[in-house]
Amino acid sequence: MRLNSFGKNQKSFSCILASDLHGNVHHYNTLKNIIVKERASFVFFAGDLLPKDGGLWYPGNTVRTIQTQRMFLENFLIGYLQKLGEYAFIYAIFGNDDFRSNYDLIRKIGKNVRFLNNEVTRLPIPNQEFYLAGYPKIALTPFLQKDWEQWDETVGVSHKTCKLEGYDSYEGTHHPISFKNNNDGRATITSELVKLAHESDPKKTLYLIHEPPFNTPLDQIAINNPYEKNGVVHVGSKAIRTFIETQKPFLTMHGHIHETFHESGSFRWDCGKSISVTPSHNYKDKMLSYIMFDLPGLNTITRYTQDAPT
């Protein structure tokens, strides 16, 4: 079924959410087969799409580089997304492991493929008013790559382990960045989400946000994770949780914490009428994890795992 087969009387639209594929081509190809088989109308990617081979990024890492991620975009992902756009509307954000320097490549991939960076667009659902907002930022981490990092609720305050100095990437190279100056007028996740909420009615908006809300089934790491702080295994954003509690969005879609389903036993969090979900996908696993749901009813929301043969 090609994309232009939307009918005027079509009442339900199948949606797929994927995240944290980190350049795993086998998972991408398995996902494509699922999208075509299920006749998905909309596909959402919640960030961390590009390879992270080479371990944690640091200056001098010759494997995980801006250039290797750019090659993956040019040699695989752009063409892949263009092909998917023949079958479904594709929406995506970058994640904290995707170098911002390469964002120029994905600005205009195709008419049915859209990346969002703190932006809102109306979903093309006939006779229905629904919007999608994309927000790739995350609260400060203990890592050096800080392209998409920001203070969470308050400048100068972090509830989890983090580094205040690291590197941003633009124009093909890395540049030092510091969060030590608390008086530089830097925005917070809270302040940006407040502005984003004014772009559309949150109750009619789906939010594609890489980081999950704090202290929910969506943000739990293992107790032996080296980055847990004082025994606290929830590492999501307090600002994002507050946003959900106060603005009551229709649906929020997240990624970032690969192991959270294994640790918490759940892929969703219900906050009143608002629903938040994550595929909780681990790109190192053989299985692809993804979410399927329907619009506009959200009558069925299911997490699936599918074998991704090599």
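Residue numbering for the sequence shown follows full-length UniProt numbering, beginning at 1 and increasing consecutively.
Ideal Cβ positions, reconstructed from N, Cα and C, are used throughout, including at glycine.
Nothing here was measured: the structure is a model prediction, and the numbers come from that model.
Meets three-Cβ-pair contact criterion under 8 Å: the region 275–290 and the region 22–32: yes
Can you grab the Cα-Cα spacing for the pair residue 43 / residue 273, in whole Å?
-> Reading the sequence shown from its first residue, position 43 is the one you call residue 43. Reading the sequence shown from its first residue, position 273 is the one you call residue 273. The alpha-carbon atoms of residue 43 and residue 273 are separated by roughly 23 Å.
Q: Would you decide whether residue 35 is buried or exposed? Buried here means 16 or more other CB atoms lie within 10 Å of its CB.
A: One-based indexing of the sequence shown puts residue 35 at position 35. Answer is buried; the Cβ neighbour count reaches 16.
Requested in this report: On a CA-only basis, which of 278, 66 and 243 is nearest residue 198? Give me that one, please.
Outcome: Taking the sequence shown and counting its residues from 1, the one referred to as residue 198 is at position 198. Nearest C-alpha to residue 198: 243.
Count the C-beta pairs between the region 104–111 and the region 180–196 that are closer than 8 Å, then say yes if the count reaches three, no if not. no
Check: Between the C-alpha atoms of residue 267 and residue 62, what's the straight-line distance to the nearest angstrom?
Finding: Taking the sequence shown and counting its residues from 1, the one referred to as residue 267 is at position 267. Taking the sequence shown and counting its residues from 1, the one referred to as residue 62 is at position 62. Distance between the alpha carbons of residue 267 and residue 62 is about 35 Å.
Residue nearest to residue 296 in terms of C-alpha spacing, selected from 78, 130, 68 and 158: Against the sequence shown, residue 296 aligns to sequence position 296. For the residues 78, 130, 68 and 158, the minimum Cα distance to residue 296 belongs to 130.
Taking the Cβ atom as the reference point for each residue, do residue 93 and residue 40 lie within a distance shorter than 9 Å?
-> For the purposes of this step, residue 93 is identified with residue 93 of the sequence shown, where counting begins at 1. For the purposes of this step, residue 40 is identified with residue 40 of the sequence shown, where counting begins at 1. Going by C-beta atoms, residue 93 is not nearer than 9 Å to residue 40.
When the Cα atoms are used, what is the spatial distance from residue 113 to residue 90? For the purposes of this step, residue 113 is taken as residue 113 along the sequence shown, with counting starting at 1. For the purposes of this step, residue 90 is taken as residue 90 along the sequence shown, with counting starting at 1. Taking the straight line joining both Cα atoms gives about 5 Å.
(message) What would DSSP say about residue 58, mapped onto helix, strand or coil?
(response) The count along the sequence shown starts at 1 and reaches residue 58 at position 58. Here residue 58 sits in coil by DSSP.
Fill in: Residue environment, residue 278, which counts as buried when at least 16 other CB atoms sit within 10 Å
The residue given as residue 278 occupies position 278 in the sequence shown. When all chains shown are included, residue 278 counts as buried.
Note to self: I'd like to know whether the C-beta atoms of residue 216 and residue 276 end up nearer to each other than 9 Å.
What the structure shows: Along the sequence shown, read from residue 1 onward, the residue named residue 216 stands at position 216. Along the sequence shown, read from residue 1 onward, the residue named residue 276 stands at position 276. Contact: yes.
Discussion item. Taking a contact to mean a Cβ-Cβ separation below 9 Å, would you say residue 19 touches residue 100 in this structure?
Written reply: Stepping through the sequence shown from its first residue, residue 19 is reached at position 19. Stepping through the sequence shown from its first residue, residue 100 is reached at position 100. No, these two residues do not count as a Cβ contact at 9 Å.
Q.
Just to confirm my understanding: we take residue 145, look at its own chain, exclude 5 residues before and 5 after, and list those with CB closer than 6 Å. What are they?
A. For the purposes of this step, residue 145 is taken as the residue at position 145 of the sequence shown. Here the set comprises 57.
(request) Could you name each continuous beta strand (DSSP E) segment of 3 residues or more that falls completely within the region 58–119, going from the start of the chain to the end? (result) 89–93 and 113–115
- prompt: Where are the beta strand (DSSP E) runs, 3 residues long or more, that stay fully inside the region 146–194, in chain order?
  reply: 165–170 and 173–178
Next on the checklist: Beta-carbon within less than 6 Å of residue 281's beta-carbon, same chain only, minus the 5 sequence neighbours each way: which residues are those?
Outcome noted: As a first step, residue 281 is located in the sequence shown; it is residue number 281 there, counting from the start. Closer than 6 Å at the Cβ level, and outside the excluded window around residue 281, lie 19, 20 and 289.
Identify whether residue 283 lies in helix, strand or coil by the three-state DSSP scheme. One-based indexing of the sequence shown puts residue 283 at position 283. It is coil, neither helix nor strand.
Review point. So which of 140, 122 and 142 has the shortest CA-CA distance to residue 134?
Key: In the sequence shown, residue 134 corresponds to position 134, counting from 1. Cα-wise, what sits closest to residue 134 is 122.
Ranges of the alpha helix (DSSP H) found wholly within the region 196–253, counting only runs of at least 4: 238–247
Give a yes or no on contact between the region 233–247 and the region 188–197, applying the rule of three or more CB pairs nearer than 8 Å.
-> yes
- Query: Which first and last residues belong to the beta strand (DSSP E) in which residue 42 is found?
  - Reply: One-based indexing of the sequence shown puts residue 42 at position 42. Counting along the chain, the beta strand (DSSP E) containing residue 42 begins and ends at 42–46.
query: Three or more beta-carbon pairs under 8 Å between the region 224–233 and the region 199–214, yes or no?
result: no
Q) Alpha carbon to alpha carbon, what distance is there between residue 13 and residue 334? A) The structure shown does not extend to residue 334, since the chain is modelled only from 1 to 310, so the question has no answer here.
Exposure label - residue 128; buried when at least 16 CB within 10 Å:
By one-based count along the sequence shown, residue 128 stands at place 128. Exposed, since its Cβ has fewer than 16 Cβ neighbours within 10 Å.
- request: Thinking residue 269 and residue 218 are a contact (beta carbons under 8 Å), I'd like their distance in whole angstroms, please.
  value: On the sequence shown, position 269 is the one that residue 269 refers to. On the sequence shown, position 218 is the one that residue 218 refers to. Contact flag correct, Cβ pair sits at about 6 Å.
Practice item. Please classify residue 278: does DSSP put it in a helix, a strand, or coil? Key: Here residue 278 refers to the residue found at position 278 of the sequence shown. Reduced to three states, the DSSP call for residue 278 is coil.
Member of 23, 154, 302 and 55 whose CA lies at the smallest distance from the CA of residue 143: Here residue 143 corresponds to residue number 143 of the sequence shown, with the count starting at 1. Out of 23, 154, 302 and 55, 55 has the C-alpha closest to the C-alpha of residue 143.
Exercise. Residue range of the alpha helix (DSSP H) that residue 31 falls in?
Worked result: In the sequence shown, residue 31 corresponds to position 31, counting from 1. Per DSSP, residue 31 belongs to the alpha helix (DSSP H) from 25–38.
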